[in-house]
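Heads up: the structure comes next, in structure tokens.
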Amino acid sequence: MLIKEHNNYHNSNENATNNPLNVVIQKYLGRRDLPIKGGFKTTMHTDFFSYYSPFESQEVLRRWLLHSYQLRPAFKEEAYTWSYQNTSVFHYEWLIGRNYWMEGINSSLLIKPLLLFYGLTHLLKGLVLIEDPCYPASVEVLAHGVTARKRKRKGYTFMDDEIKIQKRGFFPHFSNYLFHVEHSPGEKWKMKELLLLIEGMASLYFKVRGTEDLYEVYVQDSFFTIQTSKQIQREDVESFSKALENINIPTEHVTNVSDSSITFKVKSINNDQKSLLLKHNDQFYLPPSFPSKYCYLPELCIHYLLLYNLSMICRYEGEWWGEVISQQFSEDFPMIKTYLTIAGEKVPSLFKSFFV
């Protein structure tokens, strides 16, 4: 009987591999060469989460959580309770999140945003337990915390699309607890603003869209000149100065103001400060988010916002999404494809510092 059951097990795997439904799944995921055992796709991949290997043991994970809580005065007294209570939650959030992420990396572009977004969400939900051990304390923090505007089919472009941050929800919650960043309710971000904050996207943006939406910058000795395509108002002086301070370029005073340019006297600008500017053909630029939103935004927050919007489009705007991915006609396509490739490899490394 044992031998018969063993043979049946192997037969079921063969049937699963040759099952027409599984062949469709393989084709849909763009991985026809991979076997599917028992209806589940198996694959070999580069382990982008190798730093997490020790914590796959729930006992090691529990000790790490205990140590983390003991370091935080607010949780020190109940560190043992919280560590025991949250170990399995953290473990399964990261187990599911890593699987979503790796499946997303190996999937076709058609469904990649969905898998990556859900993977990122699970990883963040596990991590937020370090700073908020009672998460979720209310149903309010279970919502995404951001909303996408209604699509306009005629003339719609992804790069000009925007999302709005809500007062409550998971995004403002983890931004505050993990990065101590508070967002104003109703704060809006355009996709092109977020994409330009991702390392490796600026050069492609210049090739696809040029410099139309950007501010030209001229740096000479201790003078910093911003050239705009619109007339500079009195209130712009203060907002420009404050935005420059946010990227560690403090201004001393204004030396010149014209209809379309403003020059600040600043302390000498080093290469590290220049690296915060966009550069194309030896010309420096400031992004379209300047000056209103030119401030620190953690990279994991940027990826959450981009993947959220892409996943919503993937789910609810099937016709538009299908045309962009299959026809490869619009200028959105290379930006989306390149971003998803960068995100797939970069995001896992952004969690590494939490486990060191």
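The sequence shown lines up with residues 0 to 355 when you count with numbering that gives the first Met the number 0. Note that beta-carbon positions come from the ideal geometry of N, C-alpha and C, so glycine has one too. Values in this document were obtained by computation on a predicted structure and should not be read as measured data.
Pairing Leu275 with Pro112 gives a Cβ-Cβ distance that is not under 8 Å.
Contact annotation, Leu177 with Glu130: C-beta distance approximately 6 Å; criterion of less than 8 Å satisfied.
Beyond the five residues adjoining it in sequence on each side, Ile246 comes within less than 6 Å, by CB distance, of Leu275 in the same chain, given in chain order. Taking all protein chains shown into account, Arg148 has fewer than 16 neighbouring C-beta atoms within 10 Å of its C-beta and is therefore exposed. Taken in chain order, the unbroken stretches of beta strand (DSSP E) that lie wholly in the region 164-249 and span 3 residues or more are 187-189, 214-219 and 222-226. Contact between Val180 and Pro347 does not hold, since the beta-carbon distance rounds to 21 Å and is not under 8 Å. Taking Leu195 as the centre and dropping the five residues before and after it, the same chain places the C-beta of Ala201, Tyr204, Leu277, Pro286, Pro287 and Ser288 closer than 8 Å to its C-beta, in chain order.
Thr262 is bridged by DSSP to Thr224 and Asn255. With respect to the 8 Å criterion, Gly96 and His121 are classified as neighbours on the basis of their beta carbons. Beyond the five residues adjoining it in sequence on each side, Lys351 comes within less than 8 Å, by CB distance, of Tyr50 in the same chain, given in chain order.
Here Ile162 is not near Ile341, since their CB atoms are 8 Å or more apart. Taking the CA atoms as reference points, Leu339 sits about 36 Å from Tyr83.
Apart from the 5 residues on each side of it in sequence, Met190 sits with its Cβ closer than 6 Å to the Cβ of Phe157, Met158 and Asp160 in its chain, given in chain order. Between the region 210-228 and the region 260-269, the count of C-beta pairs closer than 8 Å reaches three or more; the two stretches touch. Taking the CA atoms as reference points, Asn105 sits about 43 Å from Thr227. Rounded to whole angstroms, the separation of the alpha carbons of Asn85 and Pro132 is 7 Å. Excluding the 5 residues flanking it on each side, Ser238 has same chain C-beta neighbours closer than 8 Å at Pro290 and Ser291, in chain order.
Here Pro249 is exposed, its C-beta having fewer than 16 other C-beta atoms within 10 Å. The beta carbon of Trp100 is closer than 6 Å to those of Gly118 in its chain, skipping five residues each way along the sequence. DSSP places Thr120 within a helical segment (H, G or I) once states are collapsed to three.
Take Lys229, set aside five residues on each side of it, and the residues of its chain with a beta-carbon closer than 8 Å to its own are Ser259, in chain order. Selection Gln219, Lys241, Ser183 and Ala142 evaluated against Tyr307 yields Ala142 as nearest (Cα-Cα).
For Val323, there is no enclosing beta strand (DSSP E); the residue is part of the alpha helix (DSSP H) that begins and ends at Gly317 to Gln326.
Here Tyr295 is actually not in contact with Tyr214; their C-beta atoms are around 19 Å apart, not less than 8 Å.
Here the alpha carbon of Glu92 sits roughly 25 Å from the alpha carbon of Leu109.
Ranking Ala136, Asp235 and Leu123 by CA distance to the CA of Leu94 puts Leu123 first. About 5 Å separates the beta carbons of Leu193 and Ile301, which is inside the 8 Å limit, making them a contact pair.
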